[in-house]
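Visitor: Structure in structure tokens, see below.
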Amino acid sequence: AQKVTQAQTEISVVEKEDVTLDCVYETRDTTYYLFWYKQPPSGELVFLIRRNSFDEQNEISGRYSWNFQKSTSSFNFTITASQVVDSAVYFCALSGPNTGNQFYFGTGTSLTVIP
Amino acid sequence: GAGVSQSPSNKVTEKGKDVELRCDPISGHTALYWYRQSLGQGLEFLIYFQGNSAPDKSGLPSDRFSAERTGGSVSTLTIQRTQQEDSAVYLCASHHGANTGELFFGEGSRLTVL
């Protein structure tokens, strides 16, 4: 079965703190894709990153970084020096060829950055 | 168009009425998805279209919900005899059909059933 778990429902941090959002996935596929999306208060989901199962290199994009570890089936997302504009709901998702391209979303983590 | 377009952006209806929500995906995207997001909740999968294949309707919550996709492009989600619990934001997303791409989401249609 395909499943994505985001155990953190809500997180609050003070501006400039670092914060890590956890994502744990389950899949029997050897080829799969992991995603993170941001949903700001305006409502539209914004794509942040895609990672395929064969690439375990961590990625950094500005203040954002992602840690993909197949050994623990995790794809965690860290925001460094958080800003108020980072306040949003963040969703982790899983897809793959053996799921008929179905996307499985976690329940989201609501991040509030306090000024 | 440049992105996924949904209409109407807001719809208020009375309980028992039928509503239609429209999604215009990104040109050339063969896959189209409908999700429902209730206030403060995650994304609930409703239905998925891929090319000419039979749609995956496994997420539709009841037989009051249906969707079609004409000509492999525009999709309409229809909710018959609306109930108050149908109030939510209905999100459409499209995908080019290969396994390497991400979903592109529209801004959603906010449905309020009085």
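Protein chains in written order, with the numbering used here: chain A, 11 to 125; chain B, 33 to 146. Glycine included, every Cβ here is placed at the ideal spot set by N, Cα and C.
Rounded to whole angstroms, what's the CA-CA distance from A:T30 to B:L71? Just pull it up for me.
Guide: 24 Å
Visitor: In the DSSP assignment, what residue or residues form a beta bridge with A:N62?
Guide: For A:N62, the beta-bridge partners assigned by DSSP are A:Y43.
Visitor: Report back the beta-carbon spacing between A:D28 and A:S92 to the nearest angstrom; my notes put them in contact at under 8 Å.
Guide: Yes, A:D28 and A:S92 are in contact; Cβ-Cβ is about 7 Å, under 8 Å.
Visitor: Look up A:T19 in the DSSP assignment and say whether it is helix, strand or coil.
Guide: coil
Visitor: Unbroken alpha helix (DSSP H) runs of length 4 or more, entirely within the stretch 68-110 of chain B: which are they?
Guide: none
Visitor: Which bits of chain A does B:L78 rub up against, with CB to CB less than 8 Å?
Guide: What B:L78 touches in chain A: nothing, since even the nearest Cβ is about 12 Å away.
Visitor: At 8 Å on the CB atoms, spell out the chain B contacts of A:E54, in chain order.
Guide: F137, G138, E139, G140
Visitor: Compare the C-beta of A:Q67 with all C-beta atoms of chain B and state if any pair is closer than 8 Å.
Guide: no
Visitor: Across which residues does DSSP place B:N42 in a beta bridge pair?
Guide: B:R142
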